[in-house]
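Participant:
Number of protein chains: 2
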Amino acid sequence: MAGFLEKLERACRTNQSLLCVGLDPVPERMPVPGIYEFNRQIIDATHDLVCAYKPNLAFYEAQGLEGLRALEKTLAAIPSHIPVIGDAKRGDIGPTAVAYAKAMYEVWGFDAATVNPYLGRDAVEPFLAYRDRGVFLVCRTSNPGAREFQDLISSPPFGGDPRPLYEWVALKAMTWNEAGNVGLVAGATYPDELTALRELCPDMPFLIPGLGAQGGDLERSVRNGADGRGLGAVLNVSRQVLYASADPGKFAAAARAVAQDIRGQMVQVLREMEAPWLSS
Amino acid sequence: MAGFLEKLERACRTNQSLLCVGLDPVPERMPVPGIYEFNRQIIDATHDLVCAYKPNLAFYEAQGLEGLRALEKTLAAIPSHIPVIGDAKRGDIGPTAVAYAKAMYEVWGFDAATVNPYLGRDAVEPFLAYRDRGVFLVCRTSNPGAREFQDLISSPPFGGDPRPLYEWVALKAMTWNEAGNVGLVAGATYPDELTALRELCPDMPFLIPGLGAQGGDLERSVRNGADGRGLGAVLNVSRQVLYASADPGKFAAAARAVAQDIRGQMVQVLREMEAPWLSS
Numbered sequence: 001m002a003g004f005l006e007k008l009e010r011a012c013r014t015n016q017s018l019l020c021v022g023l024d025p026v027p028e029r030m031p032v033p034g035i036y037e038f039n040r041q042i043i044d045a046t047h048d049l050v051c052a053y054k055p056n057l058a059f060y061e062a063q064g065l066e067g068l069r070a071l072e073k074t075l076a077a078i079p080s081h082i083p084v085i086g087d088a089k090r091g092d093i094g095p096t097a098v099a100y101a102k103a104m105y106e107v108w109g110f111d112a113a114t115v116n117p118y119l120g121r122d123a124v125e126p127f128l129a130y131r132d133r134g135v136f137l138v139c140r141t142s143n144p145g146a147r148e149f150q151d152l153i154s155s156p157p158f159g160g161d162p163r164p165l166y167e168w169v170a171l172k173a174m175t176w177n178e179a180g181n182v183g184l185v186a187g188a189t190y191p192d193e194l195t196a197l198r199e200l201c202p203d204m205p206f207l208i209p210g211l212g213a214q215g216g217d218l219e220r221s222v223r224n225g226a227d228g229r230g231l232g233a234v235l236n237v238s239r240q241v242l243y244a245s246a247d248p249g250k251f252a253a254a255a256r257a258v259a260q261d262i263r264g265q266m267v268q269v270l271r272e273m274e275a276p277w278l279s280s
Numbered sequence: 281m282a283g284f285l286e287k288l289e290r291a292c293r294t295n296q297s298l299l300c301v302g303l304d305p306v307p308e309r310m311p312v313p314g315i316y317e318f319n320r321q322i323i324d325a326t327h328d329l330v331c332a333y334k335p336n337l338a339f340y341e342a343q344g345l346e347g348l349r350a351l352e353k354t355l356a357a358i359p360s361h362i363p364v365i366g367d368a369k370r371g372d373i374g375p376t377a378v379a380y381a382k383a384m385y386e387v388w389g390f391d392a393a394t395v396n397p398y399l400g401r402d403a404v405e406p407f408l409a410y411r412d413r414g415v416f417l418v419c420r421t422s423n424p425g426a427r428e429f430q431d432l433i434s435s436p437p438f439g440g441d442p443r444p445l446y447e448w449v450a451l452k453a454m455t456w457n458e459a460g461n462v463g464l465v466a467g468a469t470y471p472d473e474l475t476a477l478r479e480l481c482p483d484m485p486f487l488i489p490g491l492g493a494q495g496g497d498l499e500r501s502v503r504n505g506a507d508g509r510g511l512g513a514v515l516n517v518s519r520q521v522l523y524a525s526a527d528p529g530k531f532a533a534a535a536r537a538v539a540q541d542i543r544g545q546m547v548q549v550l551r552e553m554e555a556p557w558l559s560s
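Those protein sequences? They're chains G and A, same order as listed. For the first sequence, position 247 (counting from the first letter as 1) is numbered 247 according to this note's numbering, and the numbering increases by one without interruption. For the second sequence, position 69 (counting from the first letter as 1) is numbered 349 according to this note's numbering, and the numbering increases by one without interruption.
#1: Are at least three pairs of beta-carbons, each pair with one atom in the region 124-131 of chain G and one in the region 377-389 of chain A, less than 8 angstroms apart?
#2: By a C-beta neighbour count over all protein chains shown, 10 Å radius and 16 as the cutoff for buried, is G:SER154 buried or exposed?
#3: Going by alpha carbons, who is nearest to A:PRO482 out of A:GLN343, A:LEU451, A:GLY495, A:THR469?
#4: May I have the straight-line CA-CA distance separating A:LYS287 from A:ASN457, to the nearest angstrom?
#5: Taking only three categories from DSSP, how would you classify A:LEU409?
#6: Is A:ILE315 helix, strand or coil when you go by DSSP?
#7: Less than 8 angstroms between CB atoms is the rule here; does A:GLU428 satisfy it with respect to chain G?
#8: Three or more beta-carbon pairs under 8 angstroms between the region 221-235 of chain G and the region 10-30 of chain G, yes or no?
#9: What distance in whole Å lies between the Cβ atoms of G:LEU184 and G:MET204, which are believed to be in contact at a cut-off of 8 angstroms?
#10: Would the beta-carbon of A:PHE390 fall within 8 angstroms of that of A:ILE365?
#11: Below 9 angstroms on C-beta distance, what does A:ARG551 contact in chain G?
#12: Which residues of chain A have a Cβ atom closer than 7 angstroms to the Cβ of G:ILE153, listed in chain order?
#13: For A:TYR398 and G:PHE206, which I take to be in contact (beta-carbon distance under 8 angstroms), what is that distance rounded to the nearest angstrom?
#14: Could you tell me which residues DSSP pairs with A:PHE416 in its beta bridges?
#15: How about G:LEU119: is its C-beta nearer than 8 angstroms to some C-beta of chain A?
#16: Excluding the 5 residues flanking A:SER525 on each side, which residues of the same chain have their C-beta closer than 6 angstroms to its C-beta?
#17: Indicate the three-state DSSP secondary structure (helix, strand or coil) for A:LEU298 in the structure shown.
#18: From A:ALA396 to A:ARG370, what does the alpha carbon distance come to, in whole angstroms?
#19: Return the chain-ordered list of same chain residues with a C-beta closer than 7 angstroms to the C-beta of A:PRO359, the five sequence neighbours on each side being excluded.
#20: Within the same chain, show all residues whose beta-carbon is closer than 7 angstroms to that of G:GLY215, passing over the 5 residues directly before and after it, in chain order.
#21: Please classify A:GLU552 as buried or exposed, where buried requires at least 16 other C-beta atoms within 10 Å of its C-beta.
#22: Using DSSP with H/G/I as helix, E/B as strand and the rest coil, what is G:ASN236?
#23: Between which two residues does the alpha helix (DSSP H) holding G:ASP192 run?
#24: Please go through the same chain and pick out, in chain order, the residues whose beta-carbon is closer than 6 angstroms to the beta-carbon of A:THR421, but skip the five residues on each side of it.
#25: Alpha carbon to alpha carbon, how far is A:MET281 from A:VAL415?
#26: Among the candidates A:GLY314, A:ASP507, A:ARG519, whose CA atom is the shortest distance from the CA of A:ILE542?
#27: State the Cα-Cα distance for the pair A:MET546 and A:ASP472, rounded to the nearest angstrom.
#28: Determine whether the Cβ of A:LEU480 lies closer than 8 angstroms to any Cβ atom of chain G.
#29: Nearest-angstrom Cα distance between A:PRO437 and A:LYS334?
#30: Distance, Cα to Cα, G:ARG13 vs G:ALA213?
#31: Beta-carbon within less than 6 angstroms of A:TYR446's beta-carbon, same chain only, minus the 5 sequence neighbours each way: which residues are those?
#32: Could you tell me which residues DSSP pairs with A:SER434 in its beta bridges?
#33: Between A:ASN336, A:ILE373, A:GLY440, A:GLY344, which lies nearest to A:LEU355 when the distance is taken from Cα to Cα?
#34: Return the CA-CA distance between A:ASP367 and A:LEU303, expressed in angstroms with no decimal places.
If you want it as structure tokens, here you go:
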């Protein structure tokens, strides 16, 4: 994963963390007004505890141009050594995919982006072409509806072993990974599927949402999601950190305390796994 | 499809057209500078020939906040009786899907939106909840990579008839269509798949991209894509209309001429099909 993967692993080592904080501002839940002000305080309080930040563009788009201006300012407030994953799950074809990749990597300047694989390789290629950026393909999501299509037992029309659709996505992702910049999105709420994906793709970085508010189990996510070195797993938590307290004067400290606690639990599991990159 | 479908069919009848013009501005190809100025001239020249406009958000996002401001102005320049389909192919879960639906229908105010089905029903539900707006589920796309996942022969884990994945999407779409506001995206470049989908979903509106620059056949798209009344097919053309001429003084007239010609061909086919809604 070239540039992005290097940056990610450096941040993991520096901050001794696999925790990614999802910057998903919801005005009704924010203890202070102003998306930028809220994000800035969260970033100030957590930037030495995370390996990445992950703004989901939906929350900014829902606030119109003002929300997108707040995203612009937020990105400028993230220390440059922390990678930023733009979670937008884009997916379109031809010149449209080229425009989306440009928006994510050049306009917003994200280090990595999430991409929906349903439209096939040519829809993903414009993202892959940014060889120093990461491309996390949405593979097995953390929601109940994930079962509906992603688990269909599927085989190519010309024959082949039947497998769940999400495993086909993972297998294709490996063949698309010429620049080493491809990863998978695999939800923490389905630990068995996470294990299956880690077996199929031993070296690929996984973006793992679904911890915290969604109920995914932290220990199993680290054990099933990390690669052989105890790296390659970006474990995202959003609401549990962002909305740790509704008190305008204390929410940032509360967010920090929660992030610290989650990181501590991760390190604990990684120690049991004897991950060689942890400081003693 | 409640409010949206009514509006769409009224525009089809008023303008005697199934043509949708995709407003996909690419600065390098535009004969005049300024996305808004370009779009405005295209709209002025074609608004009495179309049943809908379809801006694809990628092209605006690729130009940053300025591009999105141009989208805002563009939407205000479209006559209010012409429905506007926001082509963004969003797909995410829980509160994120709620935020995307809000962005598409409330912030931008689109009459309909395209949505990626890969994440399952709960990812689509927040869109469906806007009962007076349209939800076009990406089903069988017009690109070569469409075959990769959409054509996998799939069956539910607990058993069931194997079918291509895109047919499962169509079947699910029918069960999700409680408010009558669901449609499908089905590419013009695969006429057999279009026919299969029309057989599965006889009454559902189809958004059909892939004509023009992508090479889809117009006559077959009308015949295979329209419903029993000769309606329910929104046939999108983008580049062929937008970039009909590179001459700054003539491109709008050229766009009009191309749109008129395409509409004429559509009407010709519809007459042969004896579509009852055509004026004599």
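For glycine and all other residues, C-beta sits at the position ideal for the given N, C-alpha and C.
Facilitator: Well, looking at it:
#1: no
#2: For this step, residue 154 of chain G is matched to residue 154 along the first sequence. G:SER154 comes out buried.
#3: Working through the second sequence from its first residue, we reach residue 482 of chain A at position 202. Per the Cα distances, A:LEU451.
#4: Locating residue 287 of chain A in the second sequence gives position 7, where the first residue counts as 1. Locating residue 457 of chain A in the second sequence gives position 177, where the first residue counts as 1. Between A:LYS287 and A:ASN457, the C-alpha separation is close to 18 angstroms.
#5: Within the second sequence, residue 409 of chain A is the residue found at index 129, counting from 1. For the record, residue 409 of chain A in the displayed sequence is Ala; it is not Leu. It is coil, neither helix nor strand.
#6: By 1-based counting over the second sequence, the position of residue 315 of chain A is 35. Under the three-state reduction of DSSP output, A:ILE315 falls in the helix class.
#7: If you number the second sequence from 1, residue 428 of chain A lands on position 148. Chain G, which has a Cβ nearer than 8 angstroms to the Cβ of A:GLU428, makes this yes.
#8: Put simply, the region 221-235 of chain G touches the region 10-30 of chain G. At least three CB pairs are less than 8 angstroms apart.
#9: Residue numbering aside, residue 204 of chain G sits at position 204 when the first sequence is read from its first letter. Residue numbering aside, residue 184 of chain G sits at position 184 when the first sequence is read from its first letter. 6 angstroms between Cβ atoms; contact.
#10: Position 110 of the second sequence, counting from 1, holds the residue named residue 390 of chain A. Position 85 of the second sequence, counting from 1, holds the residue named residue 365 of chain A. Cβ distance < 8 angstroms, so A:PHE390 and A:ILE365 count as in contact.
#11: Counting from 1 along the second sequence, the entry for residue 551 of chain A is found at position 271. Using a Cβ-Cβ cut-off of 9 angstroms, A:ARG551 is close to nothing in chain G; its nearest Cβ partner there is about 32 angstroms away.
#12: Translated into the one-based positions of the first sequence, residue 153 of chain G becomes position 153. Simply SER434, SER435, PRO437.
#13: Position 118 of the second sequence, counted from the first residue, corresponds to residue 398 of chain A. Position 206 of the first sequence, counted from the first residue, corresponds to residue 206 of chain G. Going by Cβ atoms, the distance from A:TYR398 to G:PHE206 rounds to 17 angstroms, so no, they are not a contact pair.
#14: Taking the first residue of the second sequence as 1, we reach residue 416 of chain A at position 136. Paired residues: A:THR394, A:GLY463.
#15: Here residue 119 of chain G is taken as the residue at index 119 of the first sequence, counted from 1. It does: the Cβ of G:LEU119 has a partner Cβ on chain A nearer than 8 angstroms.
#16: Taking the second sequence and counting its residues from 1, the one referred to as residue 525 of chain A is at position 245. So the qualifying residues of the chain are PHE531, ALA534.
#17: Indexing the second sequence from 1 puts residue 298 of chain A at position 18. DSSP places A:LEU298 in coil when its eight states are reduced to three.
#18: As a first step, residue 396 of chain A must be located in the second sequence, where it is residue number 116. As a first step, residue 370 of chain A must be located in the second sequence, where it is residue number 90. A small correction: the amino acid at residue 396 of chain A is Asn; Ala does not occupy that position in the sequence shown. Computed Cα separation, rounded: 6 angstroms.
#19: Numbered from its first residue, the second sequence carries residue 359 of chain A at position 79. The beta carbon of A:PRO359 sits closer than 7 angstroms to those of HIS327, all from its chain and outside the five residues before and after it, given in chain order.
#20: As a working mapping, residue 215 of chain G is identified with position 215 in the first sequence. Answer for G:GLY215: THR189, listed in chain order.
#21: On the second sequence, position 272 is the one that residue 552 of chain A refers to. Answer is exposed; the Cβ neighbour count stays below 16.
#22: Numbered from its first residue, the first sequence carries residue 236 of chain G at position 236. Of the three classes helix, strand and coil, the one that applies to G:ASN236 here is strand, per DSSP.
#23: As a working note, residue 192 of chain G is residue 192 in the first sequence. Looking at the DSSP string, the run of the alpha helix (DSSP H) that includes G:ASP192 is 191-200.
#24: For the purposes of this step, residue 421 of chain A is taken as residue 141 along the second sequence, with counting starting at 1. These residues qualify, in order along the chain: GLY467.
#25: By 1-based counting over the second sequence, the position of residue 281 of chain A is 1. By 1-based counting over the second sequence, the position of residue 415 of chain A is 135. Only weak support exists for where A:MET281 lies, its pLDDT of 44 falling under 50; the coordinates are left without a value.
#26: Within the second sequence, the letter at position 262 stands for residue 542 of chain A. Closest option to A:ILE542, Cα to Cα, is A:ARG519.
#27: Taking the second sequence and counting its residues from 1, one reaches residue 546 of chain A at position 266. Taking the second sequence and counting its residues from 1, one reaches residue 472 of chain A at position 192. Taking the straight line joining both Cα atoms gives about 19 angstroms.
#28: The residue you call residue 480 of chain A lines up with position 200 of the second sequence. For A:LEU480, the closest Cβ of chain G is not nearer than 8 angstroms.
#29: Counted from its first residue, the second sequence places residue 437 of chain A at position 157. Counted from its first residue, the second sequence places residue 334 of chain A at position 54. Each residue's Cα considered, the two are about 37 angstroms apart.
#30: The sequence position of residue 13 of chain G within the first sequence is 13, counting from 1. The sequence position of residue 213 of chain G within the first sequence is 213, counting from 1. So the two alpha carbons sit approximately 26 angstroms from each other.
#31: Along the second sequence, read from residue 1 onward, the residue named residue 446 of chain A stands at position 166. So the qualifying residues of the chain are CYS419, ARG420, GLN430.
#32: If you number the second sequence from 1, residue 434 of chain A lands on position 154. Partner(s): G:SER154, A:ARG443.
#33: As a first step, residue 355 of chain A is located in the second sequence; it is residue number 75 there, counting from the start. Closest option to A:LEU355, Cα to Cα, is A:ASN336.
#34: In the second sequence, the residue the question calls residue 367 of chain A occupies position 87. In the second sequence, the residue the question calls residue 303 of chain A occupies position 23. Rounded to whole angstroms, A:ASP367 to A:LEU303 spans 10 angstroms at the Cα level.
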